[in-house]
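Read the structure below first, then the notes.
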């Protein structure tokens, strides 16, 4: 099992550019999450999904969109990147009926 | 509003010097209290889940305990490889899909 994987590992964007971050898991987990981690702020939930075809907003959803077309994949999109979106993005997943979330290795995004 | 606060922000110990990290939480209807380890440039790695006050879990030199307001991560005779940031998170009854994370404790073990 690869667990939770994230693509890309690192990306530099210019303000206004768009991009998609991909999260994939091979554990057949129903729930998937996108977090961002900033110095002094801890991990904050952006969006989450409780199953294929469903998504919901988390704590800091503005400027981001998500899609869950397949159970194993959860995509995070930035339509028009802003410097405030410079961060490290983590994807996590968990099995239904269990509470523990398992995290991917992260994507570092720098918006200039 | 659910809240998790960790202390201290940073802790330096000598190899073999035992200590504890604190996680205070205010969560309605606790569903679970989680400890993760995070190495620089990596994702959080799951350590423990605690569900009710009085529960304890151990793994090598680490032991996590839980009360109704706090959780402690005890580190016994630490080694340099235990150096990492330790994250605490709580899941409550409200916002059922969300974990609230603390800001972490950065632990450094000097040889």
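Chains as they are written, first to last, in my numbering: chain A, 8 to 119; chain B, 26 to 136. All residues carry an ideal CB built from backbone N, CA and C; glycine is no exception.
Three-state secondary structure assigned by DSSP to residue 37/A
In the first chain, the residue the question calls residue 37/A occupies position 30. DSSP places residue 37/A in coil when its eight states are reduced to three.
Report the residue ranges of all beta strand (DSSP E) runs contained in full by the region 46-113 of chain A; include only those spanning at least 3 residues, in chain order.
49-58, 61-64, 71-74, 80-85, 94-101
Listing by chain order, which chain A residues have their CB less than 8 Å from the CB of residue 136/B?
Locating residue 136/B in the second chain gives position 111, where the first residue counts as 1. Residues of chain A passing the Cβ test: none, with the nearest at roughly 27 Å.
Partners in chain A for residue 124/B, counting only beta-carbon separations shorter than 7 Å
Along the second chain, one-based indexing puts residue 124/B at 99. What residue 124/B touches in chain A: 108.
Quick one: is residue 15/A near chain B, going by C-beta distance under 7 Å?
Counting from one through the first chain, the residue named residue 15/A turns up at place 8. No, no contact with chain B.
Would you say residue 28/B lies against chain A (beta-carbon separation less than 7 Å)?
The sequence position of residue 28/B within the second chain is 3, counting from 1. Answer no: the Cβ-Cβ gap between residue 28/B and chain A never drops below 7 Å.
Relative to the C-alpha of residue 109/B, which residue among 64/B, 117/B, 72/B, 99/B is closest?
As a position in the second chain, residue 109/B is number 84, starting the count at 1. The option with the nearest alpha carbon to residue 109/B is 64/B.
Own chain partners of residue 94/A with C-beta closer than 7 Å, once the 5 adjacent residues on each side are dropped:
Sequence index remark: in the first chain, residue 94/A carries index 87 (1-based). Cβ neighbours of residue 94/A beyond the five flanking positions: 43, 44, 45, 116.
Rounded C-alpha distance that separates residue 29/A from residue 80/B:
The residue given as residue 29/A occupies position 22 in the first chain. The residue given as residue 80/B occupies position 55 in the second chain. Those two C-alpha atoms are separated by around 37 Å.
Short-range partners of chain A found in the region 29-54 of chain B, where Cβ spacing is below 7 Å
none
Can you confirm whether residue 102/A, when its beta carbon is compared against all beta carbons of chain B, has any partner nearer than 7 Å?
In the first chain, residue 102/A corresponds to position 95, counting from 1. Closer than 7 Å: no.
Mind reading off the beta-carbon distance from residue 59/A to residue 103/A? Whole number of angstroms is fine, and I expect it under 8 Å.
On the first chain, residue 59/A is found 52 positions in, with the first residue counted as 1. On the first chain, residue 103/A is found 96 positions in, with the first residue counted as 1. No, residue 59/A and residue 103/A are not in contact; Cβ-Cβ is about 12 Å, not under 8 Å.
Bridge partner(s) assigned by DSSP for residue 82/B
Translated into the one-based positions of the second chain, residue 82/B becomes position 57. The partner list for residue 82/B (beta bridge, DSSP) reads 89/B.
Residue 97/B versus residue 86/A - alpha carbon distance
Position 72 of the second chain, counted from the start, is the residue given in the question as residue 97/B. Position 79 of the first chain, counted from the start, is the residue given in the question as residue 86/A. Cα-Cα distance, rounded: 41 Å.
For the pair the region 37-44 of chain B and the region 87-107 of chain B, tell me if three or more CB-CB distances fall below 8 Å.
yes
When DSSP labels each residue in this structure, what does residue 106/B get in the three-state scheme?
Position 81 of the second chain, counting from 1, holds the residue named residue 106/B. It is helical.
For residue 47/A, go through chain B and note every residue whose CB falls closer than 8 Å to its CB, in chain order.
The count along the first chain starts at 1 and reaches residue 47/A at position 40. Going along chain B in sequence order, the residues near residue 47/A (Cβ under 8 Å) are 128.
For residue 32/B, name the three-state secondary structure that DSSP assigns.
Stepping through the second chain from its first residue, residue 32/B is reached at position 7. Residue state, collapsed to three classes: strand.
Please classify residue 37/B as buried or exposed, where buried requires at least 16 neighbouring CB atoms within 10 angstroms.
Walking along the second chain from the start, residue 37/B turns up at place 12. With fewer than 16 Cβ atoms within 10 Å of its Cβ, residue 37/B is classed as exposed.
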